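In my numbering, the protein residues as written are 1 to 190.
Encoded structure:
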């Protein structure tokens with residue numbers, strides 16, 4: 001009896017289930033870094049639109065730095081809480097606790113003991129609202145990403161051409177090019 005012919009007790013001849021897609025989880029560092037960079041870009045854009053830009057030419061840089069610091073602090077605290085609690089990424093309690101801690105820290109630096117309480121409440125509310133909205137929007141955004149192609153309305157001047165229409169258009173362009181070239185030759189000869 002060959003080694004490949006052995007029967008294993010306990011194994012049954014059931015069909016295998018289809019393979020599940022492998023999804024690479026994003027690392028906490030990547031989530032914090034991407035959020036911080038995105039907030040910096042948004043802050044820079046807000047600074048460019050600021051009415052104080054003419055009086056203070058470096059206001060976009062200040063806004064971008066402040067937004068990046070706030071987002072980095074909040075996202076870092078949220079990820080720290082998630083790892084400490086050993087919970088899932090979409091748990092909103094991570095946002096509440098992370099917002100309380102990061103708001104208290106930044107509020108204490110910026111506004112003293114009374115600022116710590118106000119900032120912690122504000123960060124917890126705004127961070128949780130942002131995370132809740134992003135959880136609600138994720139399925140909708142994924143449905144847009146999974147669309148095969150976008151259908152344009154009939155009246156749109158932008159149309160997606162099929163093979164026949166592309167061939168017809170190229171033939172028409174070559175005909176126009178030949179007429180123009182022939183017209184130039186006639187003008188040069190006369």
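Where a beta carbon is used, it is the ideal one built from N, C-alpha and C, also for glycine.
Bear in mind that the values here come from a model prediction, so they are computed numbers and not experimental data.
Cβ pair residue 79, residue 32 closer than 7 Å: yes
Helix, strand or coil at residue 173 [DSSP, three-state]: helix
Range covered by the alpha helix (DSSP H) that runs through residue 83: 59–85
Integer Cβ distance of residue 124 from residue 99, believed to fall under 8 Å: 3 Å
Exposed unless 16 or more other CB atoms sit within 10 angstroms - verdict on residue 36: buried
Residues near residue 77 by beta carbon distance below 6 Å, same chain, minus five either side: If we look at residue 77 and ignore the five residues flanking it on each side, its Cβ neighbours are 98, 101, 102.
Cβ pair count under 8 Å reaching 3, the stretch 89–97 against the stretch 123–139: yes
Other residues of its chain near residue 22: CB distance less than 8 Å, five sequence neighbours each side excluded: Residue confidence is low: residue 22 scores 44 on pLDDT, short of 50, so the model does not pin down where it sits. Its coordinate-derived value is still stated next. Contacts found: none.
Cβ separation of residue 73 and residue 38, assumed to be a contact under 8 Å, to the nearest whole Å: At roughly 14 Å, the Cβ-Cβ gap does not stay under 8 Å, so residue 73 and residue 38 are not in contact.
Selection from 63, 29, 152 that minimises the alpha carbon distance to residue 44: 63
As assigned by DSSP and simplified to three states, the class of residue 180: helix
Buried or exposed (CB count within 10 angstroms, at least 16 for buried), residue 162: By the Cβ neighbour-count rule, residue 162 is exposed, with fewer than 16 other Cβ atoms within 10 Å of its own.
Exposure of residue 172, with buried meaning 16 or more beta-carbon neighbours within 10 Å: exposed
Sub-7 Å separation of residue 57 and residue 47 beta-carbons: At the C-beta level, residue 57 and residue 47 stay beyond 7 Å of one another.
Secondary structure of residue 151, DSSP reduced to three states: coil
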